[in-house]
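Mapped onto this note's numbering, the consecutive letters of the sequence shown carry residue numbers 1 to 842.
We put the beta carbon where it would ideally sit given N, CA and C, even for glycine.
All remarks here apply to the structure that follows.
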Amino acid sequence: MKKAPILRKPDPLAVYTDIGGNRLVAAVKAAEKVAEVYARRYEATAAATPTTQPWHTVGAVQSVMVDEQGVRCACEAGWVELHWQAADCLRVRWQPNGPDFIPFESPAVVAQNWPEVPFEVFDGDSSFELRTHMLKCLINKDPLRLRLEFHDGRTVCSDARGIQLNSDGGARLSLAMRRNEGGFGLGMRAFPLNLRGHRLQLWNTDPGAYQPGTDPLHYSIPFYLGVNDGLVYGVFWANYARGSVDVGAGTANELVFESDTGELCYYLFAGVDVTQVIGRYTELTGRAELPPLWALGYQHQRLVYESPQAILELAAEFRQRAIACDVLYLDVCRVCDLSGLSAESQDALRALVAELHSMGYRVIATVTPGVTVDETSGIPAEWFLSYPDGQPVVGATWTGLCRFPDFANPEARTWWSERLLRLLDTGIDGIHLDLAEPTLLTASGQPASLPPYVQHQHNGEVYSDHAQLHNLYGMLAAAAVDHALHHQRAGQRQFVMGRSGFAGAQRFMATDTGANTSSWAHLRLSISMALNLALSGEILVGAEVGGFHGDADGELLTRWLQAAALMPLMRNATFAGTQPQEPWAFGQPHELIGRLAIALRYRLMPYLYSAIAFSREYGYPVIRPLFMMEPDNPHLRTIDDEYMLGNALLVAPVLEPGAIHRSVYLPKGLWYDFWTNEPVWGGQALMVTAPLERLPLFVRAGAAVPMWPDDHTTSQSPSDKLILRVYPGAGESVIYEDDGDGPTLEQGDYRWVYITCGWNEERHFVVKRRTAGRYAPPYARINVEIVGINREPLEVRLDLHGAPLWYYDHDVIELTAGDNFQRIEVKPKPSPMDTTLMHRRR
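Now the structure itself:
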């Protein structure tokens, strides 16, 4: 049996010396001395222990005021506002005094002005009811308790202990969980897909080389998705202060959101499926912009490459070995240190970027929020975070001893954004925002966060402590990066890669599973983590392929390349001092198989791009857990070693060393093996053969999958060929097309293609196609492949006429159609034994 890769623990100071020299080591030591002084001075506050004050409810409803959006209830302890945002979305707020509520504002929420929702109020002795055409909210009066129901009487969700408060300013919400309820979402979590039974922290943290079960991590999203038989509900806890979510861990069958401070405000969403709930949640918090097509190509990063020459040699080797790669990262330490960007170094960086562009690469620069102390001379002190005594906070990051901008201050955010323009002026295509929790380097090697007693000031007055704003720091920094890119690259799409955020950060950045480890456990974990991020509203998600910490081996890297090949992002990233992780690092056969895994991604790029565009339009997850295919099957709520890409491709990576077989569950219905075109009936688990070169991949019947020809990448001119592979069955497919960059959605220069497959009354297989939009694709003809045909047909008709030329071979019909074709009809040969051409279940 093969041994798992060993995670080596190098001397942190030696690593810092290798990356940033003695200057970085000195900065780490100096920052730690300052931090120790303040930790001793504010030790009681820094401990940040959970409150011990008792919790109390708001008590009974004493009176009710009806307004245009809902009601405001005067309770024994304060006022509760119930406002419909949509017919399937209710916002609940509490404040100590009333009845007038201050308009709710949050960086997480973009949809403030919703259309008016018609509703009715029905009053009773012990309860009253708010009713829209989709839902009814039943409010018990003593004590105040809420229950959402569909009109047929099915309970969507209900309070357990409901709203609770304490004298320390804490806020809590307690909801009842049903017996078979699965719990999902909640951001970046190093746990299995179903989060039930875990208590999770809401405090963005860089834990270093985290392991399964480590919590918290970099990215907190307090959006919970509850999945039950026949219904789905969502809860968005719109409080960004330090807190937690207990998913039935402390008390069985109880979901508890809790925050140390801040406003009590939450949203309830209801629907019959996941897409309805997440679609509404992302309407509230915003959706990602459509990324540039190049950002979906294979990306490669290492911290650090020794010099610009080393990066050019890397770029040349990708091309020499014919391994597709469209994006390279420049590290913050050696190549693009913004703090030390003199006119001379700016010219050198501009020349490097131009050379990489000439080789067909896009270039992403890594930056951190910290600003070196030397740079802050003459900058207003209140633009930076400070200690309670007014002294500036200092800490060590990759660029040295730094101060930290207060991104909640619009003036500071604008200044920092403009500071990036010097870097972007060199031709950089995108930004990787690192250490934005924010993270401080320490001599022990274990990253640290800013303490909660750090203060935010404006106009000479403290307006918040860091405990309340910490979780927003990374998101607001990403917003500043996004602003700089839009300024410098007007008319082009922007790409920001980040790891620290809050609800709504999907508007500004893509993300991955953070600084993971080169291990088989992390390979498996990457799927559940990416899925829960997707179920939290993130569209552009992935994992750091091969693992960031520790050493991979050839088999692990190969299987990881396969597992990530069809995720929205594919980025190979590793840390300084670890085993090289380029696709060729372990020789053959790993290089060849890795090349093929990356090539598969490019082959299916039109399908991936369409899935992302569809998600951007409607908010649906790009990658999806299997339970979305069978929402009433509780067994599927625990399957986290497979994923769907869109609604047609099922990816089942091999996640164990030495394995050449694996069990794959296929949801109900007919599926096709992507590699053999063999039909397979679902609703069961199958044992499939998966040697090292094979990624188990299945396609749902009725799908029409667009593909590029082999060897085409995003860095080349748009392909003048399109392959459309049709898998017989009843189904609908949507393809999105544009030029891959620019504001095409806003300007209308795009096209949607809708394809419907099925059988007509004569049992002929029919493919119907229609288009909407003005974009003219670069191809004039489409190579259509209809697979799974077990006998040569009598006739193939194109737009009601006989197809001019078609071929049948090995169960596949091939024909060429014009880009304007609307219909293909396959007429079978008469047979007394089989009246159709299709494989059908006996």
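What does aspartate 673 pair with, by DSSP beta-bridge criteria?
-> Phe698
Three or more C-beta pairs closer than 8 Å, one from the segment 283-300 and one from the segment 615-624: is that the case here?
-> The segment 283-300, when compared against the segment 615-624, does touch it at the 8 Å Cβ threshold.
Per-residue DSSP class, three states only, for valine 826 = strand
Could you have a look at glutamate 105 and say whether DSSP puts it in helix, strand or coil?
-> coil
Same chain, Cβ closer than 7 Å to leucine 531, neighbours up to 5 away in sequence not counted = Leu193, Ile623, Pro625, Asp640, Tyr643
Any 3 or more C-beta pairs closer than 8 Å across the segment 507-519 and the segment 533-545 | yes
Just confirm the distance between the C-beta atoms of alanine 396 and leucine 440, as a whole number of angstroms; I'd bet it's less than 8 Å.
-> 6 Å
Sorted by chain position, which residues of the same chain lie with C-beta nearer than 6 Å to glutamine 446's C-beta, five sequence neighbours on each side aside?
-> Gly208
In the DSSP assignment, find the beta strand (DSSP E) that holds valine 844 and state where it starts and stops.
-> The requested residue 844 is not part of the displayed model; the chain covers only 1 to 842.
Classification of leucine 421 by the beta-carbon crowding that lies within 10 angstroms, buried from 16 upward = exposed
Please list, in chain order, all residues of the same chain as valine 353 whose beta carbon is under 7 Å from its beta carbon, the five residues on each side excluded.
-> Val363, Thr426, Gly427, Ile428
Indicate the three-state DSSP secondary structure (helix, strand or coil) for isoleucine 598 in the structure shown.
-> helix
Can you tell me whether DSSP reads tryptophan 560 as helix, strand or coil?
-> helix
Could you spell out where the beta strand (DSSP E) holding aspartate 347 opens and where it closes?
-> Taken as a continuous stretch (DSSP letters only), aspartate 347 belongs to no beta strand (DSSP E), being part of the alpha helix (DSSP H) at 343-358.
When the Cα atoms are used, what is the spatial distance from alanine 565 to alanine 597?
-> 6 Å
C-beta contact flag for aspartate 749 and tyrosine 779 at 8 Å | No, Cβ-Cβ distance for aspartate 749 and tyrosine 779 is not below 8 Å.
First and last residue of the beta strand (DSSP E) that includes threonine 756?
-> Taken as a continuous stretch (DSSP letters only), the beta strand (DSSP E) holding threonine 756 covers 751-759.
By DSSP, does arginine 199 sit in helix, in strand, or in coil?
-> strand
DSSP state of glutamate 116 mapped onto helix, strand, coil = coil
Segment limits, alpha helix (DSSP H) that includes proline 12 | 12-41
Assuming histidine 466 and histidine 456 make a contact with CB atoms under 8 Å, what is their CB distance in whole Å?
-> 7 Å
Going by other Cβ atoms of all chains shown within 10 Å of its Cβ, with 16 needed for buried, is isoleucine 221 buried or exposed?
-> buried
With C-beta atoms as the reference, is leucine 433 less than 8 Å away from valine 481?
-> yes
Coil, strand or helix - asparagine 471 by DSSP | helix
For glutamate 81, collect the residues of the same chain with a Cβ closer than 6 Å to its Cβ; drop the 5 residues on either side in sequence, then sort them by chain order.
-> Arg72, Arg93, Phe101
Run through DSSP, which three-state label would proline 679 get?
-> strand
What is the DSSP secondary structure of serine 449, counted as helix, strand or coil?
-> strand
Contacting residues, own chain, Cβ-Cβ under 7 Å from histidine 458 (five flanking each side not counted) = For histidine 458, where only same-chain residues beyond five positions count, the Cβ hits under 7 Å are Glu382, Asn409.
Out of curiosity, what's the CA-to-CA distance linking arginine 595 and tyrosine 298?
-> 11 Å
Rounded to whole angstroms, what's the CA-CA distance from alanine 585 to alanine 190? Just pull it up for me.
-> 28 Å
Alpha-carbon spacing of arginine 302 relative to glutamine 201, whole angstroms = 30 Å
For proline 634, which of Arg91, Pro143, Gly226, Tyr453 has the nearest alpha-carbon?
-> Gly226
Does the Cβ of serine 417 have 16 or more other Cβ atoms within 10 Å, making it buried, or fewer, making it exposed?
-> Classification of serine 417: buried, given that the 10 Å Cβ count is 16 or more.
Check whether the segment 728-742 touches the segment 755-772, taking contact to mean three or more Cβ pairs, one atom from each stretch, closer than 8 Å.
-> yes
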